[in-house]
Amino acid sequence: MALSTNGKLRLQDLVEDVLILILAECDVAGVVAISVTSKFFHNLAFTNAIWYSLVTKLAQRGFIDRRPDDECLSDLSTEQLIDIVKGVLRGPSAWTDTHPESRSSRVMVVVRRAVNVFRKLVRKPRLVPAPTAPLVESRRIALHPEISFGMYWENKPMLLPGGKYMLFMSGARLECWSVFEDRLIWKHESSLDTSDVLIFDAELVEEDRAVVLTCQRTWAQPFKNFVEISTVNMESGVSCLELVSRVPDYAHDFPYVGCTVGGDTVAVYLFDWIVLLVNWRTSSRVLVLPDPSLIAIELVPGYLVLSLQDSCGECRLTVGPVTPLASWEPNHSTEEPSAHITAADLSTSAYDSITLTGRLCDTTRLWVYESPLREGRFKVWLYTDSRALCSYEFFKHAAGSGVSLRFLSLIRMPDSLGTPANVSLSGHTLRWRSDFRGLDIFPPVPASKKHSVRHRTVEFPAQHYCVYLSAFSGALTYATDDELVVLYYY
Numbered sequence: 508m509a510l511s512t513n514g515k516l517r518l519q520d521l522v523e524d525v526l527i528l529i530l531a532e533c534d535v536a537g538v539v540a541i542s543v544t545s546k547f548f549h550n551l552a553f554t555n556a557i558w559y560s561l562v563t564k565l566a567q568r569g570f571i572d573r574r575p576d577d578e579c580l581s582d583l584s585t586e587q588l589i590d591i592v593k594g595v596l597r598g599p600s601a602w603t604d605t606h607p608e609s610r611s612s613r614v615m616v617v618v619r620r621a622v623n624v625f626r627k628l629v630r631k632p633r634l635v636p637a638p639t640a641p642l643v644e645s646r647r648i649a650l651h652p653e654i655s656f657g658m659y660w661e662n663k664p665m666l667l668p669g670g671k672y673m674l675f676m677s678g679a680r681l682e683c684w685s686v687f688e689d690r691l692i693w694k695h696e697s698s699l700d701t702s703d704v705l706i707f708d709a710e711l712v713e714e715d716r717a718v719v720l721t722c723q724r725t726w727a728q729p730f731k732n733f734v735e736i737s738t739v740n741m742e743s744g745v746s747c748l749e750l751v752s753r754v755p756d757y758a759h760d761f762p763y764v765g766c767t768v769g770g771d772t773v774a775v776y777l778f779d780w781i782v783l784l785v786n787w788r789t790s791s792r793v794l795v796l797p798d799p800s801l802i803a804i805e806l807v808p809g810y811l812v813l814s815l816q817d818s819c820g821e822c823r824l825t826v827g828p829v830t831p832l833a834s835w836e837p838n839h840s841t842e843e844p845s846a847h848i849t850a851a852d853l854s855t856s857a858y859d860s861i862t863l864t865g866r867l868c869d870t871t872r873l874w875v876y877e878s879p880l881r882e883g884r885f886k887v888w889l890y891t892d893s894r895a896l897c898s899y900e901f902f903k904h905a906a907g908s909g910v911s912l913r914f915l916s917l918i919r920m921p922d923s924l925g926t927p928a929n930v931s932l933s934g935h936t937l938r939w940r941s942d943f944r945g946l947d948i949f950p951p952v953p954a955s956k957k958h959s960v961r962h963r964t965v966e967f968p969a970q971h972y973c974v975y976l977s978a979f980s981g982a983l984t985y986a987t988d989d990e991l992v993v994l995y996y997y
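By our numbering, the letter at position 429 of the sequence shown is numbered 936, and the numbering carries on one by one without gaps.
Next comes the structure, spelled out in structure tokens:
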């Protein structure tokens, strides 16, 4: 081990094996940052051992969907491992590559360009691009639970991050299945009498452990609404009921709009724009009441993300901690919550924000995902009434409290899109076809690009209304009359 000329030990003076062990403990962003400091570290940072470690850790955290033969990761080259990470960030390449035949047939590219130039010279319209080729599946997995023959919204799948486990609600029955073994692992048993599960959500907190939230309604008079939070060991199928909380009652048959698990806190979105926040660790809760300033709200582990108007009428994207406030009340399983706050109460000095200008002022939807590049960093997608899709990033300060927000990109959206059915981490947007027999997938084309946005289409054999999009892998999951289908694309 050689020392530098001034006698101090530099990082590159360490034995190479030690440096590899150090870099293997870093995240993707850290390894890439080190790689640009010198040629020595560039060569070291792109060794196979380091990227094998990075990909393995991302798979353990649920960013990469596993396969039954995960051992084959050790056989992949560094370039192949890096391509796996790129796939998480950019989405399946088939979703964006609208001309896969162009790479394999350069003659056809030359011919098409020549014909287009000729038509331009004779002042005829430019050739319409050839229809997009069908998407090619890389994997298709089928599971065989009991499927109810009811209304379309009664069969809802959710592929958990990592691709090993599937939650499936059929009718009012919620189950967890092993994707690789096509085997029932766990079945939800309500602690309430005569109640049905209406909606659910789950978060993978460890590789084989999840927090499951169920929003329920009793059908015995008088109707009552409840939520249950359970922790489930996905390997053994053993579950533990952590908390039951009463939800405000409504005459409406379907009071829930959505629900989210975000670390120790869950959010239940009710049809009259009320949001119930419950911390199952501290057994406390609070209602966020409708507020003219609040436009959209999302929960992620540790943070609330809000789009709102401040007292000056300025639109802002606001991020702050979701730690229980003094106004939260102890949870109660039989009494409706009474403690409440408004969006104005959330706009405290503990919350950091950034101004939304121009077309971003009319934000209607938010999607928030943790970044695979660095733990504690999140990506926010905003969709507006003026059909703008914009991304921001926020991350916790290295020292002290607070977060930093920064603008990332503005995405060009087709006028015909309407509100997307979903948006992935990579920015691909999904839109239902008018006949509900397929989905159109639009790539994230930057607004600065002049060419039009081309989409790919996923065809279904029959009408499907509940298709689950995996935000990181791009897997599509849906139920047919006799099986659950998981589709992956190249």
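Backbone N, C-alpha and C fix where the C-beta goes; we use that ideal spot for every residue, glycine too. Keep in mind that this is a model prediction, so the values were computed, not measured.
Paired residues, beta bridge with residue i - DSSP
i	result
D859	V826
N786	T772 and S791
L976	L983
N555	Per DSSP, none; premise fails for N555.
A717	L711 and V739
P664	F675
K694	E682
C819	According to DSSP, which records beta bridges pairwise, C819 is partnered with nothing at all.
K903	V910
A649	V992
Nearest residue (CA-CA) to residue i, options the options
i	options	result
F967	D947, C766, A846 and W787	D947
T964	D989, T936, V952 and S697	T936
N550	C533, D534, L526 and A566	L526
R803	P797, S818, L994 and S814	For clarity, residue 803 is Ala in the given sequence; the question names Arg instead. Nearest of P797, S818, L994 and S814 to A803, Cα basis: S814.
L750	S697, A727 and E714	S697
S893	L691, R884, W874 and M920	M920
P575	L528, I861, P837 and I648	I648
N929	I918, L976 and L889	L976
A840	S916, Y899, L748 and V795	Reading the sequence as shown, one finds Ser at residue 840 and not Ala. Among S916, Y899, L748 and V795, the Cα nearest to that of S840 belongs to L748.
T563	E714, E523 and V782	E714
H760	N732, G769 and V785	Here residue 760 is Asp; the residue named in the question, His, does not match the sequence. Answer by Cα proximity: N732.
F778	E742, P762 and D708	P762
V952	Y996, K903 and C897	C897
P926	A895, E682 and P837	Contrary to the premise, residue 926 reads as Thr rather than Pro in this sequence. Looking at the Cα atoms, A895 is the closest of the given residues.
T772	A982, H904 and L720	L720
H962	L580, S600 and V754	S600
R753	L783, V739 and A851	L783
L679	Y985, L801, R573 and H695	Correcting the residue identity first, residue 679 is Ala in this sequence and not Leu. Answer by Cα proximity: H695.
L801	A846, G820, R690 and F730	G820
A536	W693, E990 and R881	R881
V734	N786, E805, T987 and L983	N786
Under the three-state DSSP convention, the category residue i falls into
i	result
F778	coil
N838	coil
V910	strand
I706	strand
Q567	helix
C766	strand
Q587	helix
I736	strand
W726	coil
H549	helix
A531	helix
I802	strand
E742	coil
L688	Before going further, note that residue 688 is Glu rather than Leu in the sequence given. The answer is coil: DSSP assigns E688 none of H, G, I, E or B.
R872	strand
R597	helix
S814	strand
L994	strand
T603	helix
L561	helix
E882	coil
V999	With the chain represented from 508 up to 997, any question about residue 999 goes unanswered, as that position is not in the structure.
Same chain, Cβ closer than 6 Å to residue i, neighbours up to 5 away in sequence not counted
i	result
G765	Y776
P797	W780
P879	L565, F570 and V595
G598	S931, S933, H935 and G981
Q816	S800 and C822
Cutoff 7 Å; reference residue i; Cβ partners in own chain excluding five residues on either side
i	result
F625	Confidence at F625 is low in this model, with a pLDDT of 34, below 50, so the placement of that residue is unreliable and no value is reported for it.
A978	Y876, S931 and L932
I589	W558
R913	Y899 and E900
E842	R753
Cutoff 8 Å; reference residue i; Cβ partners in own chain excluding five residues on either side
i	result
V635	A caution first: V635 carries a pLDDT of 40, below 50, which makes its placement in the model unreliable, though a value can still be read off. Correct list: empty, nothing qualifies.
D700	T725 and A727
Beta strand (DSSP E) runs contained entirely in the stretch 938-972, provided each spans 3 or more residues: Restricted to the stretch 938-972, the beta strand (DSSP E) segments that are unbroken, complete and at least 3 residues in length are 945-949 and 963-966, listed in chain order.
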